[in-house]
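Residue numbers (this note's numbering), protein chains in the order written: chain A, 14 to 131; chain B, 2 to 113.
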Amino acid sequence: GAVVSQHPSWVICKSGTSVKIECRSLDFQATTMFWYRQFPKQSLMLMATSNEGSKATYEQGVEKDKFLINHASLTLSTLTVTSAHPEDSSFYICSARGSGQNITDTQYFGPGTRLTVL
Amino acid sequence: GDSVTQMEGPVTLSEEAFLTINCTYTATGYPSLFWYVQYPGEGLQLLLKATKADDKGSNKGFEATYRKETTSFHLEKGSVQVSDSAVYFCALRTGGSYIPTFGRGTSLIVHP
Chain A
14 GAVVSQHPSW VICKSGTSVK IECRSLDFQA TTMFWYRQFP KQSLMLMATS
64 NEGSKATYEQ GVEKDKFLIN HASLTLSTLT VTSAHPEDSS FYICSARGSG
114 QNITDTQYFG PGTRLTVL
Chain B
2 GDSVTQMEGP VTLSEEAFLT INCTYTATGY PSLFWYVQYP GEGLQLLLKA
52 TKADDKGSNK GFEATYRKET TSFHLEKGSV QVSDSAVYFC ALRTGGSYIP
102 TFGRGTSLIV HP
């Protein structure tokens with residue numbers, strides 16, 4: 014089946030620094046990638062949707078200047094948390110949908126990245 | 002708006018016990034319903050789904066029935082194994098959207 018990887022799996026950083034999280038589709042071309050955030054004991058909340066080669070579409074309440082998303086190729090999307098603060102500590106999960114898939118087909122999820130901001 | 006409520010965990014069972022994880026939903030229209038499973042260190046995987054009322058989704062011994070009258074989609078398995086230990090997410094999707102609405106997830110721990 015389709016595999017999506019994320020790197021790093023966990024990261025600890027100091028407040029004020031920026032952190033980049035990579036999401037890769039390993040065996041298919043992902044025309045659309047999604048970024049989710051999950052707080053402890055909470056459901057996954059969609060942050061943004063990105064299509065290859067175009068700007069990401071952010072959900073209401075998500076700061077696009079703080080959470081920079083780049084989907085430069087059909088196999089890679091990156092999420093950069095800029096000037097991270099402790100409240101940004103969370104579990105970030107990406108997912109991908111391949112080209113040719115029906116719009117209602119399920120997405121393939123990455124294993125997530127645990128971000129801790131000190 | 003749409004929402005999914007599932008029972009809080011962790012659910013702790015002995016091997017071969019019967020499993021039920023409750024899930025209820027609120028949605029406009031007629032949603033499709035899903036169960037995803039996340040094994041330790043891995044991404045969410047689709048476990049099963051049902052797209053209309055009274056449909057039963059099943060996979061790997063798990064099953065869930067779309068109950069419109071009770072707006073529920075409870076996950077069941079007759080005999081769990083240690084390898085079933087994971088976090089289970091109930092989710093729904095409405096209309097032509099490809100974005101699921103997830104529940105909070107329920108952790109299942111199965112002891113030998």
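For glycine and all other residues, C-beta sits at the position ideal for the given N, C-alpha and C. Computed from a predicted structure; not experimentally measured.
Taking its Cβ as the centre, do 16 or more other Cβ atoms sit within 10 Å of residue i, making it buried, or is it exposed?
i, result
"Ala109 of chain A", "buried"
"Leu39 of chain A", "exposed"
"Pro32 of chain B", "buried"
"Pro124 of chain A", "buried"
"Phe103 of chain B", "buried"
"Lys50 of chain B", "buried"
"Thr117 of chain A", "Here the model assigns Thr117 of chain A a pLDDT of 48, short of 50, so the residue's position is not dependable, and the following value carries that caveat. With fewer than 16 Cβ atoms within 10 Å of its Cβ, Thr117 of chain A is classed as exposed."
"Val83 of chain B", "exposed"
"Phe52 of chain A", "exposed"
Measure from the alpha carbon of residue i to the alpha carbon of each residue in the options, then state which is nearest.
i, options, result
"Arg37 of chain A", "B:Leu14, B:Val83, B:Gly44, B:Tyr37", "B:Gly44"
"Ser67 of chain A", "A:Thr126, A:Ala97, A:Ile82", "A:Ile82"
"Glu65 of chain A", "A:Leu59, A:Ala43, A:Gln51", "A:Ala43"
"Trp36 of chain B", "B:Ser98, B:His112, B:Thr27, B:Ile22", "B:Ile22"
"Phe19 of chain B", "B:Ile100, B:Ser80, B:Val111", "B:Ser80"
"Glu17 of chain B", "B:Asp55, B:Glu70, B:Ser86, B:Tyr40", "B:Ser86"
Find out if the Cβ-Cβ distance for the pair residue i, residue j is shorter than 7 angstroms.
i, j, result
"Tyr71 of chain A", "Lys77 of chain A", "yes"
"Leu93 of chain B", "Leu47 of chain B", "no"
"Val5 of chain B", "Leu109 of chain B", "no"
"Thr91 of chain A", "Lys33 of chain A", "yes"
"Ser59 of chain B", "Thr25 of chain B", "no"
"Lys53 of chain B", "Phe63 of chain B", "no"
"Arg129 of chain B", "Ser56 of chain A", "Because chain B here runs from 2 to 113, residue 129 of chain B falls outside it and cannot be looked at."
"Ser31 of chain A", "Thr95 of chain A", "yes"
"His20 of chain A", "Met46 of chain A", "no"
Would you grab the beta carbon distance between residue i and residue j for me? Rounded to a whole angstrom, and I think it's under 8 angstroms.
i, j, result
"Ser102 of chain A", "Val130 of chain A", "5 angstroms"
"Leu89 of chain A", "Val24 of chain A", "18 angstroms between Cβ atoms; not a contact."
"Ala15 of chain A", "Tyr105 of chain A", "With 8 angstroms as the limit, Ala15 of chain A and Tyr105 of chain A do not qualify as a contact, their Cβ atoms being about 20 angstroms apart."
Does the ligand FMN have a heavy atom nearer than 6 angstroms to the CB of residue i?
i, result
"Thr44 of chain A", "Judged by which ligands are present, the structure shown has none, so any question about the ligand FMN falls away."
What residues in the region 7 to 27 of chain B bring their beta carbon closer than 8 angstroms to a beta carbon of chain A? Glu9
What are the residues of the region 52 to 74 of chain A that lie near chain B, defined by any Cβ-Cβ distance shorter than 7 angstroms? Those would be Lys54, Gln55, Ser56, Leu57, Leu59, in chain order.
In the region 30 to 45 of chain B, which residues sit with their C-beta less than 7 angstroms from some C-beta in chain A, listed in chain order? Gly42, Glu43, Gly44, Leu45
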